[in-house]
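One structure is given below, encoded as structure tokens.
In my numbering, the protein residues as written are 9 to 317.
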């Protein structure tokens with residue numbers, strides 16, 4: 009995999025999150041308080057979303073790529089229409105109650121972590137005409153408790169919405185049965201904050217990365233670790249899977265991205281194209297030869313040519 013044209017100074021500040029969307033579009037969010045949509049083919053800006061004057065912490069896409077879910081440093085959850093770029097819903101979650109969020113329940117709800125060690129479920133209720141929920145906590149449906157009073161820093165849901173995974177600030181990973189609002193398991197996965205978690209295609213494996221410089225893989229069914237990947241010299245900030253979970257990419261504060269062959273459990277390539285921290289990576293979806301995109305502290309978007317195994 010080789011670097012292809014990048015977008016220099018895509019934002020005015022650090023870029024925290026990146027996602028591939030439909031039609032070769034890429035979505036980024038930044039400390040500069042904006043969400044931007046880019047055409048990856050021409051490396052052109054096609055849309056800008058600007059809400060309140062707060063940094064955007066995380067972004068997510070619904071299943072048909074028509075809605076963007078964002079969380080902000082202003083403690084809000086926001087839903088934006090992908091095509092019109094118009095705000096559809098804003099929920100005031102309360103201080104540190106909307107850190108990172110994901111769509112769940114066929115995109116009718118959102119789940120996000122808080123500094124209280126709980127996951128909060130929110131009814132997005134997008135069919136209601138009033139798009140602004142003025143009262144803090146309005147729209148809250150239920151709470152999933154990890155029983156530990158530590159920041160839930162990342163959350164993921166799989167193809168089956170009933171399974172939710174979360175990672176906290178002291179290295180623990182939790183799995184929840186959403187249908188029963190029940191904690192299933194707790195893994196003592198890392199020795200430092202969990203930066204990112206993702207679920208494999210069949211929901212049997214959980215992938216996580218951490219400031220302890222490791223990537224861990226856990227089997228949800230047997231509740232044990234099955235793989236540990238080491239090779240980064242800095243915090244591992246984000247991970248992404250592709251090609252039926254055969255290839256994993258990772259972003260690190262050591263200024264590199266790495267590609268990992270999950271069949272051999274080894275690093276197959278190091279992408280060293282930056283001079284500062286890489287905050288996130290994302291593989292292109294819907295492709296047999298997916299491209300990779302990375303973002304980071306240098307405010308640039310770096311694309312990499314397609315890869316196949």
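Don't be surprised by glycine CBs; every beta carbon is placed ideally from N, CA and C.
Asked                                                                                             : Found
As assigned by DSSP and simplified to three states, the class of residue 180                      : strand
Candidates 16, 148 and 66, of which the one nearest residue 35 by Cα                              : 66
Residue 137 versus residue 33 - alpha carbon distance                                             : Annotation note: pLDDT 49 at residue 137 (below 50); position unreliable, coordinate value reported separately. Distance between the alpha carbons of residue 137 and residue 33: 28 Å.
Reference residue 199; option with closest CA among 184, 87, 114 and 216                          : 216
Straight-line gap, residue 318 to residue 193 (C-alpha atoms, nearest Å)                          : The question about residue 318 has no answer, for the chain in this structure spans 9 to 317.
Nearest-angstrom Cα separation, counted from residue 309 out to residue 202                       : 24 Å
Cβ-based burial, residue 214 [other Cβ within 10 Å; buried from 16]                               : buried
Which of helix, strand or coil DSSP assigns to residue 22                                         : coil
Alpha carbon of residue 1 to alpha carbon of residue 84, nearest angstrom                         : Not covered by the structure: residue 1. The range shown for the chain is 9 to 317.
First through last residue of the beta strand (DSSP E) which encompasses residue 303              : 300–304
Of the residues 269, 220 and 227, the one placed nearest residue 242, counting alpha carbons only : 220
Residue 152 burial status per 10 Å Cβ neighbour count (16 or more: buried)                        : buried
First through last residue of the beta strand (DSSP E) which encompasses residue 201              : Where residue 201 is concerned, there is no enclosing beta strand (DSSP E), given that its DSSP letter is neither H nor E.
Identity of the residues DSSP links to residue 215 by a beta bridge                               : 206 and 225
Exposure of residue 25, with buried meaning 16 or more beta-carbon neighbours within 10 Å         : buried
Residue 98 - DSSP class collapsed to helix/strand/coil                                            : strand
Strand pairing of residue 259, partner residues [DSSP]                                            : 246 and 265
For residue 137, the three-state DSSP class (helix, strand or coil)                               : Low confidence applies here, because residue 137 scores a pLDDT of 49, under 50, leaving its location unreliable; read the following figure in that light. In this structure, residue 137 counts as coil in the three-state DSSP scheme.
For residue 6: DSSP bridge partner residues                                                       : Because the chain here runs from 9 to 317, residue 6 falls outside it and cannot be looked at.
N- and C-terminal bounds of the beta strand (DSSP E) containing residue 117                       : 117–121
Boundaries (first-last residue) of the beta strand (DSSP E) holding residue 285                   : Residue 285 -> no beta strand (DSSP E), and no H or E assigned at all.
Pairwise C-alpha distance: residue 62 and residue 53                                              : 21 Å
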